[in-house]
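Position in the first sequence (first residue = 1) + 1193 = the working numbering. Glycine residues also receive a C-beta, built at the ideal position from the N, C-alpha and C atoms. Here's the structure we're looking at; comments come further down.
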Amino acid sequence: MKVATYNVNGINGRLDVLLRWLEEASPDVVCLQELKAPQEKFPIRAIEAAGYGAVWTGQKSWNGVAILTKGQEPRLTRRGLPGDPDDTQSRYIEAVVDGMVIGGLYLPNGNPYPGPKFDYKLRWFQRLHDYAAELLELEVPVILVGDYNVMPTKLDVYKPERWLDDALFRIEVREAYANLVNQGWTDALRKLHPNERIYTFWKYFRNAFARDAGLRIDHFLLSPEAASRLATAQVDKYVRGWEHTSDHAPVWIELTDKTKKPRKKK
DNA sequence: ATGCCCTCGCCTCGAGGA
């Protein structure tokens, strides 16, 4: 089972790129972030024509997350994180796919630091922390995946010293990420590539991609029941080199089948 | 310390992104 995450930075403006990548990569599950489209403007017909079912939660201009599943409809289990009924930003969606809980998230950026946006980021992180603990108690395969807007360590930033006061790298945010992981989650890319420089985002500015001035901010966190099946974790970096592309690259993992029995699904 | 580049919106600049 191949599960992917992709911050598309505008799903309608990016539709050709998304469809081309879906065709080439053929993931079974895809979590999308930054749809930047209201609920009714999600291009569901084009997604279905590509062979995917989808659930999504949109918002005018900003944010927006979706889960796509190849050849089936995702079973929606949640829109939005619990813990703040006044939070209207579309940043979390959850579905069950083949017995696995898929939580697709777009954590707040938090800049500028300090300020109310940074405070909102930390509050959102705390809500994620509390809810993630509940998910772990289910003792089923869970994947919390998406754009966390956090570089967890210095290895995840092309020039760490320049990012120390940025909301993506502030110590409070790195600690929040570490505290979340320490509940018992596995950071899939780091688990399989402990010492490699791996980036998932490159700014549009200053020729950042050509200079490989990148950040690792898109993450897969796996519950123990999912982590035991982890086989591969990769970044489709080549997609970042396409024309009219997102500033993020798609990231994906491959999980082995639950059992050794022959698969029933096609 | 800022802009760089790119998206969306209804509006050709501003806000937000990271």
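Limits of the alpha helix (DSSP H) - the one that residue i falls within
i: ALA1420; result: 1417–1420
i: GLN1319; result: 1309–1330
i: TYR1370; result: 1364–1374
Between the CA atoms of residue j and residue i - distance to the nearest angstrom
i: GLY1296; j: ASN1400; result: 33 Å
i: GLN1319; j: ARG1367; result: 13 Å
i: ALA1197; j: GLU1216; result: 13 Å
i: ALA1178; j: ARG1272; result: The question about residue 1178 has no answer, for the chain in this structure spans 1194 to 1459.
i: ASP1411; j: ARG1238; result: 27 Å
i: VAL1333; j: LEU1423; result: 14 Å
i: TRP1255; j: LEU1348; result: 29 Å
i: PHE1416; j: GLN1265; result: Checking the sequence, you will find Ser at residue 1416 rather than Phe. Their backbone Cα atoms lie some 24 Å apart in a straight line.
i: PRO1345; j: ILE1446; result: 19 Å
i: LEU1337; j: LEU1414; result: 5 Å
i: GLY1292; j: GLY1377; result: 20 Å
i: ARG1390; j: GLU1365; result: 23 Å
i: TYR1313; j: TRP1249; result: 23 Å
i: ILE1204; j: SER1439; result: 10 Å
i: LEU1208; j: ASP1280; result: 28 Å
i: PHE1394; j: ARG1409; result: 6 Å
i: LYS1459; j: LYS1310; result: In this prediction, LYS1459 scores a pLDDT of 47, lower than 50, which makes its location untrustworthy; the coordinate-derived value is nonetheless stated afterwards. Near 45 Å, if we compare the C-alpha coordinates of LYS1310 and LYS1459.
i: LEU1269; j: LEU1315; result: 26 Å
Assumed close pair residue i, residue j - CB separation to whole angstroms, cut-off 8 Å
i: GLY1251; j: PHE1235; result: 6 Å
i: LEU1329; j: VAL1343; result: 19 Å between Cβ atoms; not a contact.
i: ALA1259; j: LEU1225; result: 4 Å
i: TRP1214; j: VAL1432; result: 5 Å
i: LEU1373; j: ALA1426; result: At roughly 18 Å, the Cβ-Cβ gap does not stay under 8 Å, so LEU1373 and ALA1426 are not in contact.
i: LEU1261; j: VAL1201; result: With 8 Å as the limit, LEU1261 and VAL1201 do not qualify as a contact, their Cβ atoms being about 11 Å apart.
i: GLY1257; j: SER1283; result: 5 Å
i: LEU1274; j: LEU1331; result: 16 Å between Cβ atoms; not a contact.
i: ALA1218; j: ASP1429; result: 6 Å
Burial state of residue i (16 or more Cβ within 10 Å)
i: TYR1341; result: buried
i: ALA1230; result: buried
i: TRP1435; result: exposed
i: TYR1370; result: buried
i: ALA1419; result: buried
i: ARG1355; result: exposed
i: HIS1441; result: buried
i: PRO1267; result: buried
i: ALA1325; result: buried
i: PRO1353; result: exposed
Extent of the continuous beta strand (DSSP E) to which residue i belongs
i: ALA1288; result: 1285–1290
i: GLU1447; result: 1444–1448
i: ASN1302; result: Premise fails: ASN1302 is in no beta strand (DSSP E) and is neither H nor E.
i: ALA1259; result: 1258–1263
i: ALA1360; result: Taken as a continuous stretch (DSSP letters only), ALA1360 belongs to no beta strand (DSSP E), as it is neither H nor E.
i: LEU1269; result: 1268–1272
Contacting residues, own chain, Cβ-Cβ under 7 Å from residue i (five flanking each side not counted)
i: LEU1212; result: ALA1239, ALA1243
i: LYS1195; result: PRO1220, ASP1221, TRP1445, GLU1447
Sequence-distant residues of its chain with Cβ nearer than 6 Å to residue i (five each side left out)
i: SER1421; result: none
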